[in-house]
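Note sheet for the following structure.
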Amino acid sequence: RKSFMMNEADLYAPVKQFLEAQGYEVKGEVGKCDLVAMREDGPPLVVELKLSLNLSVLLQAVDRTALTDHVYIAIPEPTGGRHALLRKSRKSINRLFRMLGLGLITVGFRTPAGTEEAAARIEVVLEPGPYQPRKNLKRQKRLQHEFAARKGDFNQGGTTGRERMTAYRQDALLCADYLHAHGVSTPAAVKAATGIARARTILYDNVYGWFARPARGRYDLTAAGHQALTQYTAVLATLRPNDRQQDKN
Numbered sequence: 270r271k272s273f274m275m276n277e278a279d280l281y282a283p284v285k286q287f288l289e290a291q292g293y294e295v296k297g298e299v300g301k302c303d304l305v306a307m308r309e310d311g312p313p314l315v316v317e318l319k320l321s322l323n324l325s326v327l328l329q330a331v332d333r334t335a336l337t338d339h340v341y342i343a344i345p346e347p348t349g350g351r352h353a354l355l356r357k358s359r360k361s362i363n364r365l366f367r368m369l370g371l372g373l374i375t376v377g378f379r380t381p382a383g384t385e386e387a388a389a390r391i392e393v394v395l396e397p398g399p400y401q402p403r404k405n406l407k408r409q410k411r412l413q414h415e416f417a418a419r420k421g422d423f424n425q426g427g428t429t430g431r432e433r434m435t436a437y438r439q440d441a442l443l444c445a446d447y448l449h450a451h452g453v454s455t456p457a458a459v460k461a462a463t464g465i466a467r468a469r470t471i472l473y474d475n476v477y478g479w480f481a482r483p484a485r486g487r488y489d490l491t492a493a494g495h496q497a498l499t500q501y502t503a504v505l506a507t508l509r510p511n512d513r514q515q516d517k518n
């Protein structure tokens, strides 16, 4: 399989032939547009011919939407290492194109067996149109719940590769803090003292390895649990109720 596309101009003829087969009259380099197509008295159709997708290409296409609602970006068909982002993030890219009101066309070249001339294959991946977003209410509620459940702001936005101080981790820290102060305890005692409804689940699941179960229905801290309390001293100072804070002083 061989690619015959050397530059953006190689995309012009296949896209032009594709549109002409649909009854369009096509002309290249009209104004600042790579390709403009007209059919009867309908609105113009604009295609920007590009070898890759990037922010500059998207901004250029968005600028063309001031001329018409029918704007496409045409790119070579993703093959091998080309357009790895498009292949790996197709769903997200499709959503972005819909948000921007853009269409997407891919152009592939294949050489049929026994011939030397490449044949073009056109695929209209997305049609342009007005964006009608559908909110994921489940994810929205989960986001709102996490925001409301977190106490304080202990994560620096924009960082990667760091542990996140989630609402779950905060609850686990309070459970560990109670065990540190009172020793081996039942989940019911931890729940009653901390007010954490999921205390039993946190102790049982032991996601962070902080808890040990020396006897059935009773929990204690592990070495990792003690280490976590030392590591997150500043966080705990914010999380503890005032009466617990006074007990620690």
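Residue numbers for the sequence shown follow this note's numbering, beginning at 270 and rising by one. Just so it is clear, CB atoms sit at the ideal spot from N, CA and C, and this is done for glycine as well.
What's the gap between the Cα of Val340 and the Cα of Asp332?
Going by the C-alpha atoms only, they are around 10 angstroms apart.
Please work out which residues of its chain come closer than 6 angstroms, Cβ to Cβ, to Ala418, disregarding the five sequence neighbours upstream and downstream, and give them in chain order.
Closer than 6 angstroms at the Cβ level, and outside the excluded window around Ala418, lie Ala436.
Counting beta carbon pairs with one atom in the region 431-449 and one in the region 493-501, are three or more of them shorter than 8 angstroms?
With the cut-off at 8 angstroms, the region 493-501 and the region 431-449 touch.
Return yes when the Cβ of Thr455 is within less than 8 angstroms of the Cβ of Arg430, no when it is not.
Before going further, note that residue 430 is Gly rather than Arg in the sequence given. Cβ distance not < 8 angstroms, so Gly430 and Thr455 don't count as in contact.
Can you name, in chain order, every residue of its own chain whose Cβ lies under 6 angstroms from the Cβ of Met368, other than the five neighbours on each side?
Excluding positions up to five away in sequence, the list reads Tyr400.
Using the beta-carbon count (16 or more within 10 Å), is Lys517 buried or exposed?
In this prediction, Lys517 scores a pLDDT of 47, lower than 50, which makes its location untrustworthy; no coordinate-derived value is stated.
DSSP has Ser454 in a bridge; who is on the other side?
In DSSP, Ser454 forms a bridge with Tyr488.
Per DSSP, what kind of secondary structure is Asp440 in: helix, strand or coil?
Correct three-state label for Asp440: helix.
Report all residues from its chain with a CB closer than 8 angstroms to the CB of Tyr281; omit the five preceding and five following residues, and keep chain order.
So the qualifying residues of the chain are Gly297, Asp303, Leu304 and Leu318.
For Ile362 and Val284, what's the separation of their Cα atoms in angstroms?
Cα-Cα distance, rounded: 21 angstroms.
For Glu289, tell me which candidate among Glu396, Ala481 and Ile391 has the shortest Cα-Cα distance.
Closest by alpha carbon: Ile391.
Would you kindly report the start and end of the unbroken beta strand (DSSP E) that includes Ile342?
Per DSSP, Ile342 belongs to the beta strand (DSSP E) from His339 to Pro345.
Would you report the Cα separation of Ala506 and Lys420, rounded to the nearest angstrom?
Approximately 11 angstroms between the Cα atoms of the pair.
One question on the structure: do Gly377 and Pro397 come within less than 8 angstroms of each other, judged by their Cβ atoms?
Going by C-beta atoms, Gly377 is not nearer than 8 angstroms to Pro397.
Could you check where the beta strand (DSSP E) with Met307 kicks off and where it finishes?
Run containing Met307: Cys302 to Met307, per the beta strand (DSSP E) assignment.
Which residue from Lys301, Leu324, Ala343 and Asn323 puts its Cα closest to that of Phe287?
Nearest of Lys301, Leu324, Ala343 and Asn323 to Phe287, Cα basis: Ala343.
Am I right that Arg433 and Asn424 are in contact with their C-beta atoms under 8 angstroms? What's the rounded C-beta distance?
Rounded, the Cβ-Cβ distance is 6 angstroms, consistent with contact.
What does DSSP give as the partner residue(s) for Thr375 in the beta ladder?
Beta-bridge pairing links Thr375 to Ile344 and Glu392.
So Leu395 and Phe366 are supposed to be a Cβ contact under 8 angstroms. How far apart are they, rounded?
The Cβ separation is near 5 angstroms, so the contact holds.
Cα-Cα, which of Pro345, Leu324 and Tyr293 is closest to Glu309?
The candidate whose alpha carbon is nearest that of Glu309 is Tyr293.
Which residue or residues does DSSP assign as beta-bridge partners of Lys296?
Partner(s): Val305.
Beta-carbon within less than 7 angstroms of Thr463's beta-carbon, same chain only, minus the 5 sequence neighbours each way: which residues are those?
Excluding sequence neighbours, Thr463 sits near Leu443, Cys444 and Tyr447.
Between the alpha carbons of Ala492 and Val459, how many angstroms are there, rounded?
Those two C-alpha atoms are separated by around 19 angstroms.
Look at Gly300 and Thr334 and say whether their C-beta atoms are less than 8 angstroms apart.
It is not a contact, given that the beta carbons lie outside the stated cut-off.
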